[in-house]
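One structure below.
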Amino acid sequence: MAEVLVLVDHADGEVKKVTLELLTAARRVGEPSAVVVGEATGDITAKLGEYGAEKVYTAPAELNDYVVAPKAELLATLAADKSAVAVLVSATAENKEIAGRTAVKLGSGVLTDVVDLTADLVAEHSIFGGGVVAHARVTTGVPVVAVRPNAIPAEAAQGAAVQEAVTVELSEGAKAARITDRVKESKGSRPELAEAAIVVSGGRGVGSDDFSVVEGLADSLGAAVGASRAAVDSGWYPNAFQVGQTGKTVAPNLYIALGISGAIQHRAGMQTSKTIVAVNKDPEAPLLEIADFAVVGDLHKVTPQLTEEINKR
Ligand code: FAD
């Protein structure tokens, strides 16, 4: 069966959930081969095997020292060497750039922000800032597909997970931009925003940099905290938590928006969430048009009651 390459997202010795989702999608198309840059510890390999990886290619950690280009060279080289039928990556900002560069090297096409994928590689993806859902397929070469976290449920299926070390002769161009330092996002106890099953976001309606009303509800649900650009631009919450066109894209099972109007640029980052709940004092707020449930009222009154009720259960 033909190989489907899956670029593995991992940190601190753990495979990220989105990779398990990609392996699940890859199994629809062919035999998943996981591509790990850096050390594939026993735990990482075992996890990849549990979700169907037949092979685990490991590439030198050195590739992480440069900005995106080496990973594109790695994926393009492997795709050609192994006659892969597709390459899947998670739709993070960095991986979307890797996807584009890989497709150029392969002379093929790229599909980004994919929310579903069929066995014959027809992708459902969210385009024009999330305003349109399109079905598309790459017609030339090996398709490179960037899939959104939380879009395709991960299902376990045992694979052989046979490790194979791979080397790639990096071009000078690939080494043009070296990473000198990485700012580590403080992880805290909350789940990572892009991967969380539940996200509670606050907007200008929160009214100040006291986000405790948002954080309180998030913690009662084990959720990640997000923010609108208005809240971020006001300096109320850090930039890393912005949801939207110029922030992170999320697709959780549950998205709760507190005091967010629902501008198109915010919706672009959250409208593929499975269930959307809005708390807004304005019944005409655009977000209410796409919300599954809405509470029209003051978030500072509604949210503490909601948090208290959830904490009782
Ligand atoms: P507002 O639009 O001001 O809405 C606040 C809402 O809170 C209102 O609906 C109001 O009724 C409600 N409210 C007020 N007080 C209360 C209360 N006490 N209780 C309940 N409800 C209350 N925005 C993003 O979010 N993410 C992006 O990535 C992004 N990228 C952008 C990129 C570009 C190029 C541009 C031009 C804009 C971008 N924006 C982005 C900005 C976007 O257009 C909106 O300005 C922004 O989303 C508004 O944020 P908000 O909903 O928090 O604020």
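In case it helps, full-length UniProt numbering puts the sequence shown at residues 1 to 313.
Glycine included, every Cβ here is placed at the ideal spot set by N, Cα and C.
Quantities reported herein were computed from a predicted structural model and do not represent experimental measurements.
Figure out for me which residue from the options has the closest Cα to the Cα of residue i.
| i | options | result |
| --- | --- | --- |
| residue 162 | 264, 95, 220 and 41 | 41 |
| residue 123 | 113, 131 and 132 | 113 |
| residue 307 | 251, 218, 127 and 249 | 218 |
| residue 176 | 155, 302 and 70 | 70 |
| residue 204 | 111, 1 and 299 | 299 |
| residue 266 | 250, 44 and 38 | 250 |
Assuming residue i is part of the beta strand (DSSP E), what are its boundary residues?
| i | result |
| --- | --- |
| residue 5 | 3-7 |
| residue 164 | 162-165 |
| residue 202 | 198-202 |
| residue 73 | Where residue 73 is concerned, there is no enclosing beta strand (DSSP E), although the alpha helix (DSSP H) it sits in stretches over 69-81. |
| residue 126 | 123-127 |
| residue 43 | Looking at the DSSP string, residue 43 is not in any beta strand (DSSP E); the run it does join, the alpha helix (DSSP H), is 42-50. |
| residue 256 | 254-258 |
Given 7 angstroms as the limit, tell me if residue i has its C-beta closer than that to any heavy atom belonging to the ligand FAD.
| i | result |
| --- | --- |
| residue 148 | no |
| residue 385 | As shown, the chain starts at 1 and ends at 313. That puts residue 385 outside it, with no answer to give. |
| residue 125 | no |
| residue 244 | yes |
| residue 254 | no |
| residue 300 | yes |
| residue 266 | yes |
| residue 279 | yes |
| residue 53 | no |
| residue 231 | yes |
| residue 204 | yes |
| residue 285 | yes |
| residue 282 | yes |
| residue 247 | yes |
| residue 49 | no |
Can you give me the Cβ contacts of residue i inside the same chain, cut-off strictly under 7 angstroms, excluding the 5 residues immediately before and after it?
| i | result |
| --- | --- |
| residue 108 | 138, 140, 141, 142, 143 and 144 |
| residue 18 | 9, 90, 149 and 195 |
Could you name the residues of the same chain whose beta carbon sits closer than 8 angstroms to that of residue i, not counting the 5 residues immediately before and after it, in chain order?
| i | result |
| --- | --- |
| residue 95 | 7, 9, 89 and 146 |
| residue 121 | 29, 85, 86, 137, 138, 143 and 145 |
Quick one: is the Cβ of residue i within less than 7 angstroms of any heavy atom of the ligand ADP?
| i | result |
| --- | --- |
| residue 228 | Questions concerning the ligand ADP fall outside what the structure shown contains, since the ligands it does hold are the ligand FAD. |
First and last residue of the alpha helix (DSSP H) that includes residue i?
| i | result |
| --- | --- |
| residue 233 | 229-233 |
| residue 304 | 299-312 |
| residue 193 | Taken as a continuous stretch (DSSP letters only), residue 193 belongs to no alpha helix (DSSP H), as it is neither H nor E. |
By Cβ distance below 6 angstroms, which residues in the same chain neighbour residue i in space, the five residues on each side in sequence not counted?
| i | result |
| --- | --- |
| residue 232 | 239 and 242 |
| residue 279 | 258, 295, 299 and 302 |
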